[in-house]
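Converting from the sequence shown to my numbering requires adding 1138 to each position, the first position being numbered 1.
Glycine included, each C-beta is placed from N, C-alpha and C at the ideal position.
On a predicted model such as this, the values are computed, not experimentally measured, just so you know.
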Amino acid sequence: MKLEKLIKNLSIDTASLPSINVDNICTHSPEVNKGSLFVAIKGFTTDGHDYIQQAINNGASAIISDRHIANVVSIPNIKVGNTRSALSKIASTFYNNPSKDLNIIGITGTNGKTTTASILYSIFKANGFKCAQLGTLGTIADGFKTTKTLTTLDPVSLHRTFREFIKMDISHVIMEVSSHALDQFRVADVEFNVGVFTNLSNEHLDYHKNMEDYFETKSKLFQMLKPSNTAVINCDDKMGLKIAKDSKAKIVSVSKQTNADIYLTNLISCFDGVEFIVNYGNKKIPIASSLIGEYNVENILCAVSIALSLDIEPDIIQKGVSECDIIPGRMEIIKLKNKSTIIVDYAHTPDAYKKVLQTIKRMKPEDSKLNVLFGCGGNRDREKRPEMGKIVEDYSDIMWIVPDNPRTENIIDINNQIIKDLKESNFQLFEDRGKALKMAIKSLNSGDILVVLGKGREDYQEINGKKINYSDIEIIQGFV
């Protein structure tokens, strides 16, 4: 594609630009080759502007930057106000604005994005849609290789993936949309058809200044929606009410109470799953799922509400929900030979901890012991560590405190912050997660429960800048 066409949406005077062909777009200088457009992005630890000369040496045909760069005279250096915003526009243009030819559902919120997306994917499949799911579990679509990356892809990868979906005749795409992605313009040029809000609680405050900033960032998804689009909002969360008030889109309110467009009644919850009635206008739709926990009811209700807003028939919705019986790493139940139970969940926020452990505590036999193995991520919000320790203490009999992606922080320091406000001494501290998990499993008696929190199906530990192969699931499977 010609450079002047590629940057047409950047409000740049292209009259003086030479006629240059751009074959690909890069933000990492080692990936640059002849015909590449290099976009310099200022990151949190490195600045792409420091690698412009390397990009030129590798054959870059042009540079996008946010400043004057001395000695860049051999190729165009196009200066913009925000290179992240520019990258989004350029990526969409390069792949011919693919999102406009897809039905894209964007799901945002602190918790529940992956589960809601997975249930909706199952409903779409039951309805015969050719569909795809993008998020924490990777890219899921028939005929598409699954890869796990960021919750939300970078703009170039995202729009390239959309174009590949179109070639595969995929019509519907379900996306998890993180606050980081919204703040960093990764989805700024995606045309969403439906925006979905699950909930908001303390998370990413190492990145966002405060909860208000976090909320404002999440709200950007709904500010992007047009009046012809739909916003499905969980109005049991007070922040959902504010989003519903401010969005121009058609609002579909969702609640476990009766004061919403779509609400539930007759809830039954046990270790075998959940059952309830979805009320929508004059329709009453019985829903049954093997997913456990009342917080999963919220996720199911959100997915059902999205499907109803898209006019999918109730019997198809029922089928799709019932067929979504396991979501990897989300309240994943593994039975051991001695009749003890391990539950693996990706929960890594105070709110998610509380909901998961409340559910399990309520359902477990009185004489069984509840073990919880957990940790807190390094280089992340330190304020929540004592809070998470207290939540686990309130619901557990035995606590196994372990590393969970310590990154560049000292594991002992993280663990000490977790136990700072604990009153009981029913915990053990470990610097080796795998060793602790094996010990915890071996300690289980018949009927006992071990809840393993934080990683879900994640297959690495991030330590000192390196991702080291590690899987809770693989260790657990060795005991099955």
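| Item | Value |
| --- | --- |
| CA-to-CA distance, L1495 to V1510, given in whole angstroms | 9 Å |
| Residues near I1389 by beta carbon distance below 7 Å, same chain, minus five either side | A1369, I1371 and A1382 |
| Best match in K1522, R1205 and I1194 for proximity to S1212 [C-alpha to C-alpha] | I1194 |
| Residue from G1266, F1267 and T1289 whose Cα sits closest to the Cα of T1277 | T1289 |
| DSSP state of R1518 mapped onto helix, strand, coil | coil |
| Which of helix, strand or coil DSSP assigns to P1156 | coil |
| At least 3 beta-carbon pairs within less than 8 Å: the segment 1352-1363 vs the segment 1315-1326 | yes |
| For K1421, the residue or residues it bridges with in DSSP | Y1418 |
| For D1375, the nearest candidate out of N1249, I1415, L1474 and G1244 (CA to CA) | N1249 |
| Touching by the beta-carbon criterion (3+ pairs, under 8 Å), the segment 1197-1207 and the segment 1216-1234 | yes |
| Nearest residue (CA-CA) to K1263, options N1583, I1454, G1594 and Y1189 | I1454 |
| Validate contact between the segment 1434-1444 and the segment 1532-1551 using beta carbons, cut 8 Å, 3 pairs | no |
| Cut-off 7 Å between Cβ atoms - residues of its own chain near I1611, not counting five sequence neighbours on either side | V1482 and R1595 |
| Segments assigned beta strand (DSSP E), at least 3 residues, entirely inside the segment 1235-1283 | 1241-1246, 1269-1273 and 1276-1278 |
| Residue range of the unbroken beta strand (DSSP E) whose run includes C1440 | It is not in any beta strand (DSSP E) - C1440 instead sits in the alpha helix (DSSP H) that spans E1432 to S1447. |
| For Q1599, the three-state DSSP class (helix, strand or coil) | strand |
| Neighbourhood of P1365 by C-beta, 8 Å cutoff - its chain only, sequence neighbours within 5 removed | K1386, A1387 and K1388 |
| Status (buried if at least 16 other CB within 10 Å, exposed otherwise) for E1562 | exposed |
| Contacting residues, own chain, Cβ-Cβ under 6 Å from G1244 (five flanking each side not counted) | M1313, V1315, F1330, G1333 and L1359 |
| Under the three-state DSSP convention, the category I1179 falls into | coil |
| Exposed unless 16 or more other CB atoms sit within 10 angstroms - verdict on T1184 | exposed |
| Cut-off 6 Å between Cβ atoms - residues of its own chain near Y1579, not counting five sequence neighbours on either side | A small correction: the amino acid at residue 1579 is Ile; Tyr does not occupy that position in the sequence shown. Once the five neighbours on either side are set aside, the close Cβ partners of I1579 are F1617. |
| C-beta contact flag for I1190 and A1178 at 9 Å | yes |
| Integer-rounded CB distance, given that N1196 should sit under 8 Å from S1167 | 6 Å |
| Residues that M1313 bridges to, as DSSP identifies them | G1244 and L1272 |
| Exposed unless 16 or more other CB atoms sit within 10 angstroms - verdict on N1553 | buried |
| Nearest neighbour of S1427, chosen from G1219, S1174 and T1254 [CA to CA] | T1254 |
| Assigned secondary structure, G1592 (DSSP; H/G/I helix, E/B strand, else coil) | coil |
| Reduced DSSP secondary structure (H/G/I, E/B, other) of E1413 | strand |
| Identity of the residue in Y1418, F1409, K1380 and D1410 nearest K1102 by Cα | Nothing in the structure corresponds to residue 1102, since the chain is present only between 1139 and 1618. |
| V1294, enclosing alpha helix (DSSP H) - first and last residue | P1293 to K1305 |
| Start and end residues, beta strand (DSSP E) containing Q1566 | F1565 to L1567 |
| Local Cβ density within 10 Å of R1500, reported as buried at 16 or more and exposed below that | exposed |
| Where N1337 falls: helix, strand or coil (DSSP) | coil |
| Buried or exposed (CB count within 10 angstroms, at least 16 for buried), T1246 | buried |
| Entirely enclosed alpha helix (DSSP H) segments - the segment 1358-1391, minimum 4 residues | 1376-1384 |
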